[in-house]
Every structure is written in C-alpha cells, then in structure tokens.
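To keep things clear, I will list the structure first and then write my remarks on it.
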Amino acid sequence: MIEHPQHKGCNFTSILLIKFDTKAIRARSLPVGEGIKRIQYLLNSNLLNSNVSIQHFWSYLASLGIQSLVKQGAKQGMPANKLLDALRGTDIMHWKQSLSELIEISLAQTTSIWRMYGKSTMARQQAQLLLNMNSLEPVNFSVQQNNTEAFAVALCHLADLHAEQGLYAVVSDIMKHLKQQFPPHTQHAKLWMLCDLKIQFEKAMNDGKYHLAEPHVTAISALNSTEGLYRKAQLLKALNQTSEASKILQQLQQQCEKSKNIEMTIRVMLASAELHWDSSGFATALPLLLQALSLSRQHNLQRLTSETLLHLAFTQLMLGIPEQALVLVQDVLESVLAHGSLIDKGRALLLAARCQMALAGAAAQEHRLTALEQAVHTLDEAAVYFSQLDCKERMRDIHYLQARLHHTLGNIAQRNKCSMLFRLLDQELPSSGMTVVSHL
1 MIEHPQHKGC
11 NFTSILLIKF
21 DTKAIRARSL
31 PVGEGIKRIQ
41 YLLNSNLLNS
51 NVSIQHFWSY
61 LASLGIQSLV
71 KQGAKQGMPA
81 NKLLDALRGT
91 DIMHWKQSLS
101 ELIEISLAQT
111 TSIWRMYGKS
121 TMARQQAQLL
131 LNMNSLEPVN
141 FSVQQNNTEA
151 FAVALCHLAD
161 LHAEQGLYAV
171 VSDIMKHLKQ
181 QFPPHTQHAK
191 LWMLCDLKIQ
201 FEKAMNDGKY
211 HLAEPHVTAI
221 SALNSTEGLY
231 RKAQLLKALN
241 QTSEASKILQ
251 QLQQQCEKSK
261 NIEMTIRVML
271 ASAELHWDSS
281 GFATALPLLL
291 QALSLSRQHN
301 LQRLTSETLL
311 HLAFTQLMLG
321 IPEQALVLVQ
331 DVLESVLAHG
341 SLIDKGRALL
351 LAARCQMALA
361 GAAAQEHRLT
371 ALEQAVHTLD
381 EAAVYFSQLD
391 CKERMRDIHY
401 LQARLHHTLG
411 NIAQRNKCSM
421 LFRLLDQELP
431 SSGMTVVSHL
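Take the sequence shown: its position 124, counted from the start at 1, is 124 in the UniProt record's numbering, and no numbers get skipped.
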C-alpha cells in the first residue's frame with residue numbers, strides 16, 4: 001500500500017506520484033488488479049479535495065492509468081466483472097466532474113471488452129449508449145461530439161455486429177456516416193477502413209466469391225499485417241491450397257506468440273485444425289483444439305470457447321462418436337444462439353443435425369423415424385440463418401442433407417425438390433475441393 005503523501009494541498013509533486021506509480025507497476029510486473037487498486041487509492045485520497053484545476057488533472061491522469069490497466073488486464077484474461085468494476089469506479093467520478101471525454105473513452109472500452117468476451121448483446125448496448133450520449137460540455141450543450149476516436153470505435157463495433165447478423169444495408173449506412181465524419185486523410189480513418197475491408201472480405205467468403213475476396217486481403221495487409229496474413233490463409237484454404245495456407249499459419253502463430261496476441265493465436269489454432277481435417281487427420285487435430293480450448297477458457301473468451309467446442313464436436317463426429325459430439329453442441333448452442341453471428345448459429349445447428357443423423361442410423365427401428373424427423377427440423381432451422389446471409393455454399397450442404405433425409409423418410413416430392421436446389425447451387429458455385437463431409 002502506498003503511504004499517504006504528507007501535503008496539506010495538492011501540488012505537482014503529488015501528481016508525479018501517479019506517474020511514478022504507473023511506472024512502478026510496469027517495472028515491478030505487479031498484477032494488474034493490484035495496479036488498479038493503487039491508482040484507485042490515490043484517486044480516493046484527500047489530495048483531490050483542494051485546487052479544482054489540479055483536481056481535474058489528477059482525475060484525467062489517474063483515469064487514463066486505470067483504463068490502460070483495464071486494457072492490459074483484458075489481454076491477460078482477467079474476468080469481465082473485475083475489469084468492469086474498475087471502470088465503474090472511475091465512471092462515477094467522470095459523471096460527477098462532467099469529464100465527457102473520459103466517459104466516451106470508458107464506454108468505447110466497455111464495448112470492446114464485451115465484444116472480446118463474446119457478449120454481443122452487451123457490446124451493442126454500450127455502443128448505442130455512447131452514440132446517444134449528449135456532450136456534457138456547457139458550450140456544446142445537447143450537441144453530440146461524434147468526431148472522436150471513441151465514437152469511431154463504437155460505430156465500427158456496431159458495423160461489425162450488424163454485419164454478423166446479415167444486415168448489410170445498415171452496415172452501409174454506418175460506413176457512410178463514418179466516411180463523412182472521418183475522411184480518409186484524418187487521424188482515425190484507419191479504424192473504419194480496416195473494419196469495412198474485413199466485413200467485405202467475410203461477405204465475399206460467405207458468398208463463395210473468392211475472386212472478390214482476394215483484393216481485400218491485400219488492402220487489409222496494408223493496414224494490419226497480422227489480420228492480412230490470417231485472411232490470406234483463410235482464402236488459400238478455401239481455394240484448396242493447403243500447403244501455402246499451412247506455411248502462412250505457422251508464420252502467423254510464431255508472430256502471435258511473440259506479441260502475446262491470444263485471440264489470433266486461438267484463431268490460428270482453429271484454422272490449423274481445419275487443415276488437418278482436409279487431409280482426414282481428425283485425430284491429429286485434437287491436441288491443437290484442446291490447447292485452443294485451454295487458452296480461450298483461461299482468458300475468458302466465451303465466443304472462441306464456443307467455436308473451439310464446435311470444432312471439437314465436429315472432430316468427434318468424424319471419429320465416430322456422435323453421442324459425445326451432440327452433447328458438446330448442445331452445451332454451447334444456447335450461448336451461440338444468444339451471442340453468435342448468423343454463420344455461427346447456422347454452423348452449430350448444421351452440426352447438431354449431422355450428429356442427429358448419425359445417431360438415427362444406429363437407433364432402433366421404432367425410434368429411427370422420430371430421430372430423422374428431428375434432424376430435418378434442425379436442418380430447416382439452420383437453413384433460415386444461412387439464407388439470411390445468402391450463404392450459397394452452406395445452403396448447398398443443407399439441400400444435400402435434406403435430400404438424403406427425405407429419401408430415407410420416403411418423402412419423394414421433398415427429396416426431388418431438395419435435389420434440384422442442390423444441383424442448381426452445385427452448378428453455380430466453383431468447386432473448392434471441400435464437401436459437406438470434410439468441413440464444419
């Protein structure tokens with residue numbers, strides 16, 4: 001615990017104590033939680049009860065210190081409740097002292113934390129709260145200050161969240177506003193540029209239009225080399241160029257381990273496991289997936305945890321243990337449906353249907369028809385999500401499985417309809433070397 005400075009009033013010697021304290025936290029490698037407590041102690045000390053201008057200086061400096069430590073804590077996997085408690089304590093002071101800039105930064109940071117932890121609903125709420133918050137500055141009463149970095153971050157998060165739900169018209173409106181508020185030559189334009197490129201890349205990949213995704217990879221790499229490498233590996237994998245994709249993923253994993261980029265490290269592990277699937281190496285994918293699961297749980301990354309569990313479930317299905325695979329899918333299905341993107345929801349339901357089909361094949365005759373009908377219902381639910389995204393590759397998989405199920409059930413008309421839809425999509429889409437059997 002820091003000793004209380006022996007000053008009757010607040011002076012610049014006291015201010016330097018905060019600077020010294022944050023440096024000490026870094027130099028001594030103190031836990032982030034302890035660092036937050038130290039700065040909060042200084043904030044709550046009697047030094048803040050004197051000169052008003054110095055008081056505001058203290059508040060800015062200490063609050064920025066806590067926000068920096070919260071960001072560091074999020075990367076180290078601290079639980080969300082501890083990080084948000086730390087921000088809440090400073091938020092009270094911000095509102096009391098009308099520190100609107102710090103309120104905006106705090107809300108933008110809270111939005112980012114919720115998204116990182118996989119809570120899309122909470123992230124959307126925080127972003128909208130920031131966008132609807134009027135300035136607290138007297139000279140700008142009732143005027144929104146929407147040209148700051150915090151607003152750019154919030155709008156980019158909202159664009160991502162709407163894109164995940166297939167609402168591309170809304171995304172277009174958000175991007176139009178961002179381009180007006182932050183022209184390409186301005187300081188924060190890089191934020192929306194990267195966001196827009198990633199959305200366009202994902203849309204092209206979902207549509208199976210890989211020739212449109214390729215130029216986006218080059219543009220993303222110019223703004224963020226790590227993101228660019230990851231997208232390049234994704235594209236090469238989709239084009240069935242597995243050896244080139246594997247080399248890039250190995251290079252990317254080394255970079256992420258050096259920079260301690262946990263989120264990207266986990267994503268690289270999942271992509272590497274998918275490459276093992278392409279060569280039918282399902283057993284060899286298990287160590288990677290278990291390591292990814294351990295990391296995601298250690299860092300409280302719920303969305304990545306759910307995604308990893310779905311990968312594990314698919315691997316178990318391919319290894320011939322659909323019972324355990326279905327249990328894993330059912331464990332994460334609620335979380336995926338609540339916070340996941342449309343593609344995540346569709347993939348989870350498609351995997352559940354495939355597990356149900358596998359179990360129906362081994363079921364007793366009196367239970368088999370019921371199990372197959374349940375699989376048909378699950379496929380219908382998955383089709384709703386994929387159709388909203390206009391994800392033709394996934395719809396092709398759905399129609400293929402539906403045709404098989406209706407054939408087994410004796411529904412000739414439905415079988416013929418699904419077979420025709422499958423044939424039309426199969427003729428339209430380029431061959432990527434992947435079938436419904438080999439990917440999640």
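The beta-carbon is built from N, C-alpha and C at its ideal position, and this holds for glycine as well. Predicted model, so just to flag it, every value in this text is computed and none were measured.
- Apart from the 5 residues on each side of it in sequence, residue 205 sits with its Cβ closer than 8 Å to the Cβ of 213, 234, 235 and 238 in its chain, given in chain order.
- If you compare the alpha carbons of 97, 72, 121 and 109 with that of residue 335, the shortest gap goes to 121.
- For residue 112, the number of other beta carbons within 10 angstroms of its own is at least 16, and it is reported as buried.
- In this structure, residue 115 sits near residue 123, with a CB-CB distance shorter than 8 Å.
- When rounded, the separation of the alpha-carbon atoms in residue 374 and residue 93 is 55 Å.
- Scanning its chain for C-beta atoms nearer than 8 Å, with the 5 sequence neighbours on each side dropped, one finds around residue 158 the residues 124, 127, 128, 131 and 174, in chain order.
- Its Cα nearest to that of residue 70, the residue 86 stands out among 60, 368 and 86.
- For the options 418, 279 and 306, the alpha carbon positioned closest to that of residue 289 is the one of 306.
- If you compare the alpha carbons of 407, 151 and 439 with that of residue 397, the shortest gap goes to 439.
- Judged by DSSP in its simplified three-state form, residue 228 adopts helix.
- Exposure of residue 186 is indicated by the presence of fewer than 16 other C-beta atoms within 10 angstroms of its C-beta.
- Distance from the CA atom of residue 256 to the CA atom of residue 281, rounded to whole angstroms, is 25 Å.
- By the beta-carbon neighbour count (other beta carbons within 10 angstroms, threshold 16), residue 164 is buried.
- One alpha carbon belongs to residue 149, the other to residue 351, and they sit about 40 Å apart.
- Your pair residue 343 and residue 389 checks out as a contact, with CB atoms roughly 6 Å apart and the cut at 8 Å.
- Rounded to the nearest angstrom, the gap between the Cα atoms of residue 156 and residue 170 is 12 Å.
- In its chain, beyond the 5 residues on either side, 175 have a beta carbon closer than 6 Å to the beta carbon of residue 196.
- Counting C-beta pairs with one atom in each stretch, the region 271-287 and the region 309-324 have three or more that are closer than 8 Å, which means they touch.
- The C-alpha of residue 154 is placed about 22 Å away from the C-alpha of residue 82.
- Take residue 279, set aside five residues on each side of it, and the residues of its chain with a beta-carbon closer than 8 Å to its own are 242, in chain order.
- Around the beta carbon of residue 316, a 10 Å sphere encloses 16 or more other beta carbons of the protein chains shown; the residue is thus reported as buried.
- Where residue 409 is concerned, the enclosing alpha helix (DSSP H) starts and stops at 392-409.
- In the three-state DSSP reduction, residue 282 falls in the helix class (H, G or I).
- Annotation for residue 386: the continuous alpha helix (DSSP H) segment containing it runs 365-389.
- The beta carbon of residue 332 is closer than 6 Å to those of 306 and 309 in its chain, skipping five residues each way along the sequence.
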